[in-house]
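Structure, as structure tokens:
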Amino acid sequence: MNCKRLLKAGALIATMAVLSFSDVFITEINYNPLSLDTINGDNFEFIELFNPGTTPVSMGGMAITNGVTYSFPANTSLGAGQYIVLAYNKDMFKQRYGVEPFGVFTGHLDNKGEKITLKDTVNNLTVFSVDYKTDIPWPISADGAGFTLVKANSNSNDPDSAAWWRASSKIGGSPGAVDPDPKNISPIYINEVLSNTDDPHLYDAIELFNPNDGAVDISGWYLTDDKKVPRKFKIPSGTNIPSKGYTYFTEQDFDKDSTNPNSFSLNTHGDGAYIFSADNNDSLSGFSHGFDYGEIENGISFGRVVDNSGREHFVPMKELTLGNKNSDPIVGPLVITEICYNANNGTDYIAIKNITDKTISPFDPDRPFNAWRINGIGFYFPKNVTVGAGETVLISSDTITEALFRQIYSVPASVKMFTYPSNLSGKGEKVSIEKPCDPYWDKNIDSVDSIIPYMLVDEIKFDNSSPWPVCNLGMAISRKNPLVFGNDPSAWVAKVASPGTISSIFSRKAGISTLNHVNWSFKNNSFQLVLSRNSNVKLSLYDIGGRSVFSYASFLRSGANSIPCNIESRAAGTYVLKIQTDSDQMQIKFPNYK
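Right, here's the structure in full:
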């Protein structure tokens, strides 16, 4: 294919075809460029478009309508195999790349990510759109390190997917031309970070993991705490990581000389840890990986977790395992167990459960006004509230009264309820439980007020599309097992919203979990149990007076099990179900049966 530049206005093709969907791609985005001397990097932003077809297409009536704005002149065409480049600043673009862009757009590309849309304004049709992001798994080196987003040679057909993109093969990208295939770089991952080390026997550390089938030489690569300043600690020559192996560096390596401007330390209150590849000429070669992290308690590390949908997370770990496989993440003490974001009549809610055997006071005991919060919905726990062992509390939308909410869902008065402003997004969002830590003063901020840092306790970034369970109106997502890591689509199921039935007590033997999911199917008059392993199971159902109305005991196989309960003749009211397996015990209160 003949891939020619089409940069300056006037390079037109006489024969044109009518533009249709996928005739034009956005193939390169420079949203957070490097600055040049005293010139702000925003001046070098650009978007590249490409015609992959075999015939010219008319761009008249086409416009970039999201993110930035630009309307193509009526007589513009884009030839087969040609590019058009739009930039923010014509003069600065020419200074850096030696040629003028085809056109100049209005506005700036968002450094935090946004949607860019190419639209046929005549027929009101979207021709191409991309909603780019800046966090893992999107290429980190495109976010301020000088590289650009370019279309990857991948099997992905979704421009909103990180798999559709890669980092450019060199700093600055290749506007108006094919970006050369990157060198064959084996990925190396930031795997564990220890950033709070008040213990004199511990050192701040960054661990790396090699997921490849062979050893990887990372000599000359760089570690940094700031993805916009990649060249900080240069990894020594002779550094090889064996296949599926680990290595780590401590502050004695990357902060051994505080007078060196390239040295760095890990901030206790939140920072970043990133790796950048470099070639034999000491040039950054495009691969990068890493995470930003937040507040953490002394001696606790952050670790990389990959969920069943392939998403990466960086969360507190149960054990420090530098040089070895990561432990399981810390879960609790409070966790999100149910989210109703697509409710009828504004009755959205979140259920929060104490999974421990101790009462939790969700505020700083030394500073009671510093309360735990649910970030994402603007909720802070009231002063002096407690959440008992195994207790579940509800936080509902303030669009209806608590009394009406309880009436709609038959929520007993014994269940604690609070409200938050507005409603959850029906398209999904991120909600997290966070607790306050000791305040501190930042010497770099001129303020008389101290900073109250918050540490992550539990986080769910849900969506109303696959791989997350899809919720129709009146549905909620329910966590299968509150004792395991929950920010994973496979950890949730969709169910009819029923906050009046969520009162339960759950316990298990340390390190063992058998009971993944329990449901009482009124329609089928049966109990549905999902087990992670073969187990003896005993069920007992009692009415409000403590009388046994149903019992069952058997050896069940792992997977889904349906147990007929034959109690359709029972009167409406409150019932308590007790379940015992070889490792779990659960008690569930059903206050609104029938």
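Numbered according to the working numbering, the sequence shown spans residues 3 to 596. Glycine residues also receive a C-beta, built at the ideal position from the N, C-alpha and C atoms. Computed from a predicted model, the values in this text were never measured in an experiment.
In this chain, A493 is not harboured by any alpha helix (DSSP H), its DSSP state being neither H nor E. Sorting D44, N193, D215, V59 by C-alpha distance to the C-alpha of V70 places D44 at the top. K246 has its alpha-carbon roughly 38 angstroms from the corresponding atom of E50.
Taking 8 angstroms as the cut-off, the Cβ atoms of L38 and M61 do not count as close. In the three-state scheme derived from DSSP, where H, G and I count as helix and E and B as strand, R549 is classed as coil. Taken atom to atom, the span from the alpha-carbon of S399 to that of G380 is near 11 angstroms. When DSSP states are grouped into helix, strand and coil, K482 belongs to the coil group. Annotation: the stretch 362-433 contains the following complete segments of the alpha helix (DSSP H) (minimum length 4 residues), in chain order: 404-411.
The beta carbon of D366 sits closer than 7 angstroms to those of N372, P438, all from its chain and outside the five residues before and after it, given in chain order. In the structure shown, R559 falls within a coil segment according to DSSP collapsed to helix, strand and coil.
With respect to the C-alpha of H271, the residue from D294, T323, L533 having the closest C-alpha is D294.
Taking C-beta separations shorter than 6 angstroms and ignoring five residues to either side along the sequence, the partners of Y33 in its chain run L111, following chain order. Looking at the DSSP output, I31 sits in a beta bridge with I49, L151. For M457, the enclosing beta strand (DSSP E) starts and ends at 456-463. Counting only runs that start and end inside the stretch 152-204, the beta strand (DSSP E) elements of at least 3 residues fall at 167-169, 191-196. If the five residues before and after L426 are omitted, its C-beta is found closer than 6 angstroms to the C-beta atoms of Y343, D350, all from its own chain and listed in chain order.
By the neighbour-count definition (other C-beta atoms within 10 Å, threshold 16), I86 is a buried residue. Put simply, of S303, S260, P263 the residue whose alpha carbon is nearest the alpha carbon of A275 is S303.
Here the alpha carbons of A493 and V195 stand approximately 25 angstroms from one another. Look at G43 here: in three-state DSSP terms it is helix. For M94, the enclosing alpha helix (DSSP H) stretches over residues 92-99. The beta-carbon distance between Y191 and T252, rounded to whole angstroms, is 18 angstroms. This is too long to meet the 8 angstroms contact definition. Of the residues V308, N386, S267, L120, the one whose Cα lies closest to the Cα of V26 is L120.
Sorting Q530, G109, E299 by C-alpha distance to the C-alpha of K497 places Q530 at the top. Under the DSSP definition of a beta bridge, H315 partners with V307.
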